[in-house]
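Engineer: Take this structure first; my questions come after.
2 protein chains.
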Amino acid sequence: MECYKSRTLTFTNANIIEGYTVAGPKENDGRYKGFFDIALEDDMFGQKTFERAERKMFEHAIDGAIAKANLTTMEIDAVVGGDLLNQIVSMSFAARKQHAGFLGLYNACATFVESLIVGSCLISNGFENVVCAAGSHFSTAERQYRYPLELGVLRSPVTQWTATGVGASVLSSASETPVPRVTRATIGRVVDYGIMDANNMGAAMAPSACDTLVRFFKDTNTVPEDYDAIFTGDLGKLGSDILLDLTRQEGYDISKQQHDCGASLYWDEQQTYQGGSGAACSALVFNSVLLSRLRSGAYKKILIAGTGALMSPTTSFQGDSIPAITHLAEVCI
Amino acid sequence: MECYKSRTLTFTNANIIEGYTVAGPKENDGRYKGFFDIALEDDMFGQKTFERAERKMFEHAIDGAIAKANLTTMEIDAVVGGDLLNQIVSMSFAARKQHAGFLGLYNACATFVESLIVGSCLISNGFENVVCAAGSHFSTAERQYRYPLELGVLRSPVTQWTATGVGASVLSSASETPVPRVTRATIGRVVDYGIMDANNMGAAMAPSACDTLVRFFKDTNTVPEDYDAIFTGDLGKLGSDILLDLTRQEGYDISKQQHDCGASLYWDEQQTYQGGSGAACSALVFNSVLLSRLRSGAYKKILIAGTGALMSPTTSFQGDSIPAITHLAEVCI
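Those protein sequences? They're chains B and W, same order as listed. First residue of the first sequence? That's 1446 in this note's numbering, and the numbers climb one at a time after it. First residue of the second sequence? That's 1446 in this note's numbering, and the numbers climb one at a time after it.
Here it is in structure tokens:
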């Protein structure tokens, strides 16, 4: 008996009129080279600290998205999103430069899709233009979550590499030409399968990705074959394999449609092991190559499922397992 | 010339059918003694760490709010909110116990009003029942943001005291009886007046509170006299004085209506200097005494303006000033 409520929202006018990306040097050496609006030559971005560099990436991504959409700062109603730093300071400090309202969001690496959902809700509620943004920086995340960069700690083969970059979308209630739209979205719930290894986040997040994907298919009476592609956020290679097994057990074979933003971001020889992770992963891939393929008609209907691991160093030190969440957006043109 | 866009949203069916509070021992010794649903005798709440105690407060507040509203966990569509810990782990881990979707929010001590806004948007978009929650714990915040508790560092007279507690509201698209409703809300923008003293957050937040209040009055063509009370979140005593000066300069005298959740939470002899602060402040006061006064008819129309300081220890160490944000909700019965 199916006793869960629908967690899926429907949107009528959440037009994604533009996307903008600022990518780190390693990211622009990867599989999506040339798709990004700005590619940094140096991940310090002319700043004194990595944290200031991350903030500057946010400032450029938000301003860049607004300009690329032929809008001015004064025409934006709200900026929504977040990053991986404590107190989401990169996004919050970058938002100082805007006149628009700001809603700070945090769902780890699922934050970008969370921002698309919250932004779409604001558009439904009457706002005209909303910027949705998320990002991360390898060097700030590494030293906040793991070890000082100078230590040169050996990495486990199940780890992923926190991507450096910021992606921003401009949602607008009106569009003169047909553009990709957020048509439906499923809000994820927090799923915890008791994974304790903070190096193996793909395994912690895969059950959550399965939960949200299956929830979406049931809520909307759709099947994987209805979509040209299903992009998960940053499960990595191992996490993607686990997801395929789990969804198959639930009666859905997504092996033909599923791609992972993290697993596809880098080339194998870039030695990121399981691939990319971080809030930048899905934000970068969505706002560059996915929007581009939707606009060209290569894709007509896709799902983007942002995956996030919700632990902190403190919870891991105190012996907690790793809860995860996956938010999903259906994007059609 | 007025060239800013409205940042105010209108809601038609964001009924606040219930509120629930879990308060710390010091908070229940304060001015609102007896208004809280649960008052802890010991702020460890039977847990091994303060962080686990904070999480348990969230679990009890969310479950308590749902039960008090005569709903079951399965009838909740989404839980939205956050806390002050890095990666908002108190709220995120507590959300594991729910079947509902989860949106993690972070705007420091403005998070509770942010959660009311996001929750109201979800109700407008078709969700039936949404729980909005925020909170904080003195001992987890103190050791994360300032000093180890054991150091016994002397406190500056401009400091505030991070309140211990969690407040949760249940929003519902339908209500059989008239209940307080979120009728309008203004999303705050990030305002930074260059305050560098992380002990004086009232001064950092007052310009932001002024900005949002004036924006709301202009967007809605209202004046302070239209309201029975205007509660700011946690400006404290000094911050409230600054706010009264700033709004007067903008042509609005709010001195008769303005109260501050933080400044009013404790008695003077509890030695909190400027009063309470923390995400718990407005969440506790709103979900106890304010909802009670609205239901009794003592208040018919109020404004609640959650104020937040968006810095982190890292940004302060790196020489940054303190940006602030204020989100506002109009609540009427």
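The beta carbon of each residue, even a glycine, is placed where N, CA and C say it ideally should be.
Measuring only the C-alpha atoms, how far is Leu1485/W from Asn1515/W?
Structural biologist: Taking the first residue of the second sequence as position 1, residue 1485/W is located at position 40. Taking the first residue of the second sequence as position 1, residue 1515/W is located at position 70. Approximately 24 Å, taken between the alpha carbons.
Engineer: Where does Glu1573/B fall in DSSP's three states?
Structural biologist: Translated into the one-based positions of the first sequence, residue 1573/B becomes position 128. Reduced to three states, the DSSP call for Glu1573/B is coil.
Engineer: Is Gln1703/B helix, strand or coil when you go by DSSP?
Structural biologist: Position 258 of the first sequence, counted from the first residue, corresponds to residue 1703/B. Three-state DSSP puts Gln1703/B in a strand.
Engineer: Can you find the residues in the same chain that come closer than 6 Å, C-beta to C-beta, to Lys1513/W, ignoring five residues on each side of it along the sequence?
Structural biologist: As a working mapping, residue 1513/W is identified with position 68 in the second sequence. Taken in chain order, the residues that qualify are Glu1463, Tyr1465.
Engineer: From Phe1495/W to Val1659/W, what does the alpha carbon distance come to, in whole angstroms?
Structural biologist: Position 50 of the second sequence, counted from the start, is the residue given in the question as residue 1495/W. Position 214 of the second sequence, counted from the start, is the residue given in the question as residue 1659/W. Roughly 39 Å separates the two Cα atoms.
Engineer: Between Ile1632/W and chain B, is any beta-carbon pair separated by less than 8 Å?
Structural biologist: Residue 1632/W sits at position 187 when you count from the first residue of the second sequence. Answer yes: the Cβ-Cβ gap between Ile1632/W and chain B drops below 8 Å somewhere.
Engineer: On the three-state DSSP scale, how would you describe Val1659/W?
Structural biologist: Within the second sequence, numbered from 1, the residue matching residue 1659/W stands at position 214. DSSP places Val1659/W in helix when its eight states are reduced to three.
Engineer: Work out the CA separation of Ser1618/W and Ile1568/W for me, nearest whole Å.
Structural biologist: Taking the first residue of the second sequence as 1, we reach residue 1568/W at position 123. Taking the first residue of the second sequence as 1, we reach residue 1618/W at position 173. Ile1568/W and Ser1618/W: Cα-Cα distance of roughly 6 Å.
Engineer: Reducing DSSP to helix, strand and coil, say where Ser1733/B ends up.
Structural biologist: Numbered from its first residue, the first sequence carries residue 1733/B at position 288. Of the three classes helix, strand and coil, the one that applies to Ser1733/B here is helix, per DSSP.
Engineer: In whole angstroms, what is the alpha-carbon distance linking Leu1691/W and Trp1712/B?
Structural biologist: Locating residue 1691/W in the second sequence gives position 246, where the first residue counts as 1. Locating residue 1712/B in the first sequence gives position 267, where the first residue counts as 1. Cα to Cα, Leu1691/W sits roughly 56 Å from Trp1712/B.
Engineer: For Glu1670/B, decide whether its Cβ has a neighbour in chain W, counting only Cβ atoms nearer than 8 Å.
Structural biologist: Position 225 of the first sequence, counted from the start, is the residue given in the question as residue 1670/B. Closer than 8 Å: no.
Engineer: Does the count of Cβ pairs from the stretch 1716-1734 of chain W and the stretch 1553-1570 of chain W closer than 8 Å reach three?
Structural biologist: Enough Cβ pairs lie closer than 8 Å, so yes.
Engineer: Would you check if the distance between the CB atom of Glu1775/W and the CB atom of Arg1634/W is smaller than 8 Å?
Structural biologist: Here residue 1775/W corresponds to residue number 330 of the second sequence, with the count starting at 1. Here residue 1634/W corresponds to residue number 189 of the second sequence, with the count starting at 1. Not in contact: Glu1775/W and Arg1634/W (Cβ atoms no closer than 8 Å).
Engineer: Per DSSP, what kind of secondary structure is Ala1613/B in: helix, strand or coil?
Structural biologist: Counting from one through the first sequence, the residue named residue 1613/B turns up at place 168. Note: Ala1613/B maps to strand in three-state DSSP.
Engineer: Under 8 Å between the Cβ atoms of Thr1453/W and Asp1664/W?
Structural biologist: Looking up residue 1453/W in the second sequence gives position 8. Looking up residue 1664/W in the second sequence gives position 219. In contact: Thr1453/W and Asp1664/W (Cβ atoms closer than 8 Å).
Engineer: Closer than 8 Å by beta-carbon distance: list the chain B residues that pair up with Asn1531/W, in chain order.
Structural biologist: Here residue 1531/W corresponds to residue number 86 of the second sequence, with the count starting at 1. Those are Asn1531, Gln1532, Ser1757, Pro1758, Thr1759, listed as they occur along chain B.
Engineer: Assuming Asp1488/W and Ser1584/W form a contact by the criterion Cβ under 8 Å, report the distance between their Cβ atoms to the nearest whole angstrom.
Structural biologist: Counted from its first residue, the second sequence places residue 1488/W at position 43. Counted from its first residue, the second sequence places residue 1584/W at position 139. Yes, Asp1488/W and Ser1584/W are in contact; Cβ-Cβ is about 6 Å, under 8 Å.
Engineer: For a test of the three-state rule: what should DSSP assign to Leu1748/W, helix, strand or coil?
Structural biologist: To locate residue 1748/W, count along the second sequence from 1; it is residue 303. Note: Leu1748/W maps to strand in three-state DSSP.
Engineer: Is the separation between the beta-carbon of Tyr1654/W and that of Thr1622/W shorter than 8 Å?
Structural biologist: Here the question's residue 1654/W lines up with position 209 in the second sequence. Here the question's residue 1622/W lines up with position 177 in the second sequence. According to the sequence shown, residue 1654/W is Ala rather than Tyr. Taking 8 Å as the Cβ cut-off, Ala1654/W and Thr1622/W do not qualify as a contacting pair.
Engineer: At the level of alpha carbons, what is the spacing between Gly1742/B and Asn1458/B?
Structural biologist: Residue mapping note: residue 1742/B aligns to position 297 of the first sequence, counting from 1. Residue mapping note: residue 1458/B aligns to position 13 of the first sequence, counting from 1. Straight-line Cα distance between these residues: approximately 19 Å.
Engineer: When you compare each of Tyr1672/W, Phe1481/W, Thr1518/W, Gly1612/W to Ala1506/W by their alpha carbons, which one comes out closest?
Structural biologist: As a first step, residue 1506/W is located in the second sequence; it is residue number 61 there, counting from the start. Ranking the options by Cα distance to Ala1506/W, first place goes to Gly1612/W.
Engineer: Span of the alpha helix (DSSP H) holding Glu1472/B?
Structural biologist: Position 27 of the first sequence, counted from the first residue, corresponds to residue 1472/B. Here the alpha helix (DSSP H) through Glu1472/B covers 1470-1473.
Engineer: Output the boundary residues of the alpha helix (DSSP H) element that contains Ile1511/W.
Structural biologist: Position 66 of the second sequence, counted from the first residue, corresponds to residue 1511/W. Counting along the chain, the alpha helix (DSSP H) containing Ile1511/W begins and ends at 1495-1513.
Engineer: Does Ile1767/B come out as helix, strand or coil in the three-state DSSP assignment?
Structural biologist: By 1-based counting over the first sequence, the position of residue 1767/B is 322. Reduced to three states, the DSSP call for Ile1767/B is coil.
Engineer: Is the stretch 1472-1484 of chain W touching the stretch 1753-1765 of chain B in the sense that three or more CB pairs, one from each, lie closer than 8 Å?
Structural biologist: Result no; under three Cβ-Cβ pairs closer than 8 Å.
Engineer: Skipping 5 residues on each side, what residues in its chain have a beta carbon closer than 8 Å to that of Gly1720/W?
Structural biologist: As a first step, residue 1720/W is located in the second sequence; it is residue number 275 there, counting from the start. Correct list, in chain order: Gln1605, Trp1606, Asp1679, Gly1681, Lys1682, Asp1705, Gly1707, Ala1708, Ser1709, Leu1710, Tyr1711.
Engineer: Got a sec: is the Cβ-Cβ distance from Ala1523/B to anything in chain W below 8 Å?
Structural biologist: Your numbering for residue 1523/B matches position 78 in the first sequence. Closer than 8 Å to some Cβ of chain W, the Cβ of Ala1523/B qualifies, so yes.
Engineer: Alpha carbon to alpha carbon, what distance is there between Arg1626/B and Cys1777/B?
Structural biologist: Residue 1777/B sits at position 332 when you count from the first residue of the first sequence. Residue 1626/B sits at position 181 when you count from the first residue of the first sequence. About 5 Å.
Engineer: Going along chain W in order, which residues have a C-beta closer than 7 Å to the C-beta of Ala1395/B?
Structural biologist: No statement about residue 1395/B is possible, as the shown extent of chain B runs from 1446 to 1778 and does not include it.
Engineer: Buried or exposed: which applies to Ser1733/W, given that a residue is buried once 16 or more other Cβ atoms fall within 10 Å of its Cβ?
Structural biologist: Translated into positions along the second sequence, residue 1733/W becomes position 288. Ser1733/W comes out buried.
Engineer: Would you list, in chain order, the members of the stretch 1582-1608 of chain W that have their beta-carbon closer than 7 Å to a beta-carbon of chain B?
Structural biologist: Taking 7 Å as the Cβ-Cβ cut-off against chain B, none of the residues of the stretch 1582-1608 of chain W qualify.
Engineer: Please state if the CB of Ala1643/B and the CB of Met1756/B are separated by a distance shorter than 8 Å.
Structural biologist: Here residue 1756/B corresponds to residue number 311 of the first sequence, with the count starting at 1. Here residue 1643/B corresponds to residue number 198 of the first sequence, with the count starting at 1. It is a contact, given that the beta carbons lie within the stated cut-off.
Engineer: Cutting at 7 Å between CB atoms, please list the residues of its own chain near Ser1601/B, excluding the five before and the five after it.
Structural biologist: Start at 1 with the first residue of the first sequence, and residue 1601/B comes out as number 156. Correct list, in chain order: Asn1644.
Engineer: Compute the Euclidean distance between the alpha carbons of Tyr1718/W and Val1603/W, then round it to the nearest angstrom.
Structural biologist: The residue you call residue 1718/W lines up with position 273 of the second sequence. The residue you call residue 1603/W lines up with position 158 of the second sequence. In a straight line, the C-alpha of Tyr1718/W is about 7 Å away from that of Val1603/W.
Engineer: Interface residues of chain W around Ile1770/B at Cβ under 7 Å?
Structural biologist: In the first sequence, residue 1770/B corresponds to position 325, counting from 1. Within 7 Å Cβ-Cβ: Phe1547.
Engineer: Compute the Euclidean distance between the alpha carbons of Ile1521/B and Ile1461/B, then round it to the nearest angstrom.
Structural biologist: The residue labelled residue 1521/B in the question sits at position 76 within the first sequence. The residue labelled residue 1461/B in the question sits at position 16 within the first sequence. C-alpha separation (whole angstroms): 14 Å.
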